[in-house]
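Inspection log for the structure reproduced underneath, given as structure tokens.
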Amino acid sequence: MKFRHLIWLRRTCQALFLAFFVFLVVETRLPPDAYFDYSLVSSEAKGIELSQPVSFFFHLDPLAWIASGISERRWIEGFGWAMALVVATFFLGRFFCGFICPLGTLNHMAGAFRPALKGKTLMAANQKKDDRKIKYFLLTAILVAAVLGMNYSGLLDPISTLFRSLALSVFPGIGIGLSTLFKGLAQSDIKLFNTIGYTAENLAAPVFGYGYKAFQAGLLIGALFLVILFLNRIKPRFWCRVLCPLGALLAVFSRYPILRLEKDESKCTHCGACVKSCQGAASCEPGIVWQNAECLACFNCQDSCREKALSFHFKWPMERAPGIDMGKRAFLGGVVAGLSVPLFGKLDGKMYKVSPPELIRPPGSLRESDFLARCQRCGLCMKVCPTNVIQPTWAEAGFEGFWTPVLVMTGGYCEYTCTLCGNVCPTGAIEKLAVKKKIQAPVRIGSAYLDRGRCLPWSGNGPCIVCEEHCPTSPKAIYLREESIAGADGKKVKVKLPFVDLKRCVGCGICENKCPVKGRPAIRVISAGESRSPENRILL
Amino acid sequence: MNDRFITRRESIHKMFQLSFGVVLVGGIGNPFIPGTALGETEKSGWLVEGVGEKTGYSVKDLTRKVFDAAGGIGRFVSKGDVVVIKPNISWARAPQLAATTNPEVLEAVIELCQEAGAKKVRIADNTIHDARRCFAVTGVGKVAEKTGAELVYPRDSMMKEMNLHGQRLKDWPVFTPMVEADKVINLPVAKVHALSELTLGMKNWIGGVGGRRNALHQDIHETIVDLAQFFKPTVTLIDATRIMIANGPSGGSESDVRASNRLILSNDPVAADAKAALLFGMKPEDVGFIRLGNERGLGASDLKLIRQIRVSL
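If you're matching them up, the sequences are chains C and G in order.
Here my numbering is used: the first residue of the first sequence is 1, the next is one more, and so on.
Here my numbering is used: the first residue of the second sequence is 1001, the next is one more, and so on.
This is the structure:
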């Protein structure tokens, strides 16, 4: 049985899956259909559902599933696709890397577009090299760390990496550029420019976000994404061969290939065409042993061979493939790293000694240890948030929680009747909440406190009440008392002073966001009082 | 009193009569007569109050009846007009919570405008919560879909700095759809507010501007009147079908809401607010921006100076 057209099947699949991935990145948003009626959603037990399965690629990702499952020591639900992929990989090898993985496709394209390597350099780059072991080292480190309860698979997982890069860096970057352009057009005195700007904005805003969307670690995330793409100039699919822990995991699973590369040495002229086209440096040329675990199932070798010396066959009975080329050092190094990273990660004591006040997690987040065990740092919650309040952390969650979501209220606030972040979270680090439950429980993410020295009425600078006005709970958590406060001239003036009732405050942060004292507002939300953490409660 | 108001021709006659009368009254020095606006054509202040008396009355029918009593929608909207309707949809709250304009009233008004031959009807409000959520949750999005009215997403590029010529507000970003229209219908909801006492028609114009709106509170009454002086609606229709009597302006619970079954239509923004203030058991003169609006000549807070019609359903 021969597959001459497999290469076209592969290309078609790659294009479709990449397009689907980008489509899902775009669809990870508040449903743009303003005509959609969810006036009843707050009284229903069901939350707002997105129309597209935006977490599809995550649920196809066995690394995310296994790493979060191990670190939380629990069976994580919703990963049926990932299980199916593991089973398929046993028999078909790393077809995921060649056919499905959208980051793999981008790397493939980056390597093929104006390639830096040709002829001998390309031959040399595509030889079996020891650097391939790095990915096994990283995989071991991730899994051992997961055993110790720390899950940082998301930092290197290709699905998370690509989603994060697109959603937090590429799309917002383009969006900010377009917004600036549209604003310029709209402010022009020429009517035609206004019309063009308005129409273009109507088309672009649903894709790139309304207004300016910005993420605090966006620059670093984008820079790393560029580095990943430029690494293809050192060798084709550098990321996939050398770094990708998901690729390593799938390599471990590809044990009994029934789809096998058959080499006919007698036909081979040693022209090197197959080696030059090989994406995985999987020793495809006749005369040496084919590295099934490194093969990305691109089928380039078969396609490039003019002598028809190479061909893929379904072969029965299946036979055990040679093991992965991991080596003792990569394994031991991985174990050491896996043991030390979680321990060093706790050295800053952020998670265990103090509760960082600025670490406000999205509503429905699990308690911190479980949250970190599951969070993929993928950016789905950050992308979907309509107010742009959810940001990737720098240091707020400590070393262990780098790039996990945190709410920065000066940039947005948590909408009282919105539960989108929990609805898109692929691993359930943020629980799926119904709006009704969020309001009635209530789910608190922190609590507000007043800085009386800054507050306009408290400091004798006149009336305000903006925080009270915006407070979404009923009865309001911010209440007012009329008192006489002396102003700068010593005269007493009657003003309404705001107070916070901690029993009612849910920590949504709209008070902080709308406070006229910008930058460091006069009312701010801290994580204390969050309902997810028994240790971080304030009231008895 | 007859249900029909006056036609355009009659109104010109009336206008002459009234301005004559007003000059007389003004001469005696009545403190409640606004000085500056008197010479203007539509100074004949009138107000229509529509009351839904029967249980289960149709809000849409009541809206129509109120406009009919005022002389029909044709009096305000002409063929080919671009009409902007400014509801209050600042909060992403369900309609029954009364934090936002009743979508049924909005729907009726849009239909009336369309029947009058409006070229385009736009719904515009610079909301506080995310606008897309406001559209979807308040029911306004559904209305737009049903009627074909254009729902304007308030965006940064639509805010243009203009001189408001106010006492406190000079250069301020204005939400441009509000000023790029032939006719403007102000369609607020009536509710309480901790600082300004009430949120009614004049205060609704805070949703007509952008910029640092949260600083307006430092002199709320003066700035409300500044805004009301800048945005001069063709007509104001206050939705008091249900009013929010506590926890305003955002509310959040049905216990904050009381049925009032009323619509107040007026060409005088101050009088409309004054009439609505009565629903909350307040004297118009006790509400800062109503008193100030009267003092600054925006309209009359003394309802005795206003020709009133009551219709019911």
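The beta-carbon is built from N, C-alpha and C at its ideal position, and this holds for glycine as well.
**OP:** Decide if the stretch 118-128 of chain C is in contact with the stretch 304-316 of chain C; the criterion is three or more beta carbon pairs, one per stretch, under 8 Å apart.
**Re:** Too few Cβ pairs lie closer than 8 Å, so no.
Original post:
Between which two residues does the beta strand (DSSP E) harbouring M1244 of chain G extend?
Top reply: Per DSSP, the continuous beta strand (DSSP E) segment holding M1244 of chain G begins and ends at V1235 to M1244.
**OP:** Pick out whichever of C:L178, C:A186 and C:L259 has its Cα sitting closest to the Cα of G93 of chain C.
**Re:** Selected option, being the one with the closest Cα: C:L259.
Original post:
When the distance is taken between beta carbons, is I445 of chain C closer than 8 Å to C471 of chain C?
Top reply: Contact flag unset, no.
Original post:
Closer than 8 Å, CB to CB, is K308 of chain C near chain G or not?
Top reply: Contact of K308 of chain C with chain G is not assigned, every C-beta pair being separated by 8 Å or more.
Original post:
For D451 of chain C, which of helix, strand or coil comes out of DSSP?
Top reply: Under the three-state reduction of DSSP output, D451 of chain C falls in the coil class, being neither helix nor strand.
Original post:
Buried or exposed: T404 of chain C, going by 16 or more other Cβ atoms within 10 Å of its Cβ?
Top reply: Around the beta carbon of T404 of chain C, a 10 Å sphere encloses 16 or more other beta carbons of the protein chains shown; the residue is thus reported as buried.
Subject >> Beta-carbon proximity of G412 of chain C to T393 of chain C, cut-off 8 Å >> reply: It is not a contact, given that the beta carbons lie outside the stated cut-off.
Subject >> Residue from G:S1250, G:S1301 and G:L1279 whose Cα sits closest to the Cα of G1288 of chain G >> reply: Minimum Cα distance to G1288 of chain G is reached at G:S1301.
Original post:
Are any of the Cβ atoms in chain G nearer than 8 Å to that of P534 of chain C?
Top reply: Chain G has no Cβ within less than 8 Å of the Cβ of P534 of chain C.
Subject >> N-terminal and C-terminal residue of the alpha helix (DSSP H) that Q1308 of chain G is part of >> reply: Q1308 of chain G -> not in any alpha helix (DSSP H); beta strand (DSSP E) instead, spanning R1307 to S1312.
Subject >> S165 of chain C, buried or exposed, once every other Cβ within 10 Å from all chains shown has been counted against 16 >> reply: Buried, since its Cβ has 16 or more Cβ neighbours within 10 Å.
Subject >> Contact set for C268 of chain C: own chain, Cβ-Cβ below 6 Å, skip 5 residues either direction >> reply: Answer for C268 of chain C: P286 and A309, listed in chain order.
Original post:
DSSP three-state call for I1123 of chain G: helix, strand or coil?
Top reply: Strand.
Original post:
Whose C-beta lies closer than 8 Å to the C-beta of E1145 of chain G among residues of the same chain, with five residues either side of it excluded?
Top reply: For E1145 of chain G, where only same-chain residues beyond five positions count, there are no Cβ hits under 8 Å.
Original post:
Is T1199 of chain G helix, strand or coil by DSSP?
Top reply: Judged by DSSP in its simplified three-state form, T1199 of chain G adopts strand.
Original post:
Apart from the five residues just before and just after A141 of chain C, which ones in its own chain have a Cβ nearer than 7 Å to its Cβ?
Top reply: Hits under 7 Å: G334, A337, G338 and V341.
Original post:
Quick one: is I1128 of chain G near chain C, going by C-beta distance under 8 Å?
Top reply: Output row for I1128 of chain G: interface = yes.
Subject >> Nearest residue (CA-CA) to L1292 of chain G, options G:A1271, G:K1160, G:S1312 and G:I1309 >> reply: Among G:A1271, G:K1160, G:S1312 and G:I1309, the Cα nearest to that of L1292 of chain G belongs to G:A1271.
Subject >> Cβ pair count under 8 Å reaching 3, the stretch 1166-1180 of chain G against the stretch 1133-1144 of chain G >> reply: No, because fewer than three Cβ pairs between the stretch 1166-1180 of chain G and the stretch 1133-1144 of chain G fall closer than 8 Å, the two stretches do not touch.
Original post:
Ends of the alpha helix (DSSP H) at I510 of chain C?
Top reply: Its alpha helix (DSSP H) spans residues I510 to K514.
Original post:
Taking 8 Å as the CB-CB cut-off, is K1086 of chain G touching chain C?
Top reply: Chain C, which has no Cβ nearer than 8 Å to the Cβ of K1086 of chain G, makes this no.
Original post:
What residue ranges within the stretch 43-120 of chain C form continuous alpha helix (DSSP H) runs of no fewer than 4 residues, ordered along the chain?
Top reply: Listed in chain order, the complete alpha helix (DSSP H) runs (minimum 4 residues) inside the stretch 43-120 of chain C are 56-59, 62-72, 80-92 and 102-112.
**OP:** Note down the Cα distance separating V207 of chain C from E27 of chain C, rounded to an integer number of angstroms.
**Re:** Distance from the CA atom of V207 of chain C to the CA atom of E27 of chain C, rounded to whole angstroms, is 8 Å.
**OP:** For T473 of chain C, return the contacting residues in chain G, with the cut-off set at a CB-CB distance below 7 Å.
**Re:** Correct list: G1252.
**OP:** Enumerate in chain order the residues of its own chain whose CB-to-CB distance from F95 of chain C is below 6 Å, with the five nearest sequence positions on each side excluded.
**Re:** Closer than 6 Å at Cβ, skipping near neighbours: A297.
Original post:
Is F99 of chain C buried or exposed, if buried means 16 or more other CB atoms sit within 10 Å of its CB?
Top reply: By the neighbour-count rule (16 or more Cβ atoms within 10 Å), F99 of chain C is buried.
Subject >> Rounded C-alpha distance that separates L24 of chain C from V54 of chain C >> reply: For L24 of chain C and V54 of chain C, the distance between alpha carbons rounds to 5 Å.
Original post:
Within 10 angstroms of its Cβ, does T427 of chain C collect 16 or more other Cβ (buried), or is it exposed?
Top reply: By the neighbour-count rule (16 or more Cβ atoms within 10 Å), T427 of chain C is buried.
Original post:
Name the chain C residues whose beta carbon is nearer than 7 Å to that of N1247 of chain G?
Top reply: Residues of chain C whose Cβ lies closer than 7 Å to the Cβ of N1247 of chain G are, in chain order, S474, P475 and K476.
**OP:** Please work out which residues of its chain come closer than 8 Å, Cβ to Cβ, to E1107 of chain G, disregarding the five sequence neighbours upstream and downstream, and give them in chain order.
**Re:** Same-chain partners within the cutoff: K1060, V1143, K1146 and T1147.
Subject >> Under 8 Å from the C-beta of S1157 of chain G: neighbouring residues of chain C >> reply: Chain C residues near S1157 of chain G: S179, F182, K183, L185, A186, Q187, G197, Y198 and E201.
Original post:
When the cut-off is 8 Å and only beta carbons count, does Q1114 of chain G lie next to chain C?
Top reply: For Q1114 of chain G, the answer is no, since every Cβ of chain C falls outside 8 Å of its Cβ.
**OP:** Leaving out five residues on either side along the sequence, give the residues of the same chain with a beta carbon under 6 Å from the beta carbon of P257 of chain C.
**Re:** These residues qualify, in order along the chain: G93, N292 and A321.
Subject >> H313 of chain C - DSSP class collapsed to helix/strand/coil >> reply: In the three-state reduction of the DSSP assignment, H313 of chain C falls in the strand class.
Original post:
Under the rule that 16 or more other beta-carbon atoms within 10 Å means buried, what is H1165 of chain G, buried or exposed?
Top reply: So H1165 of chain G ends up on the exposed side.
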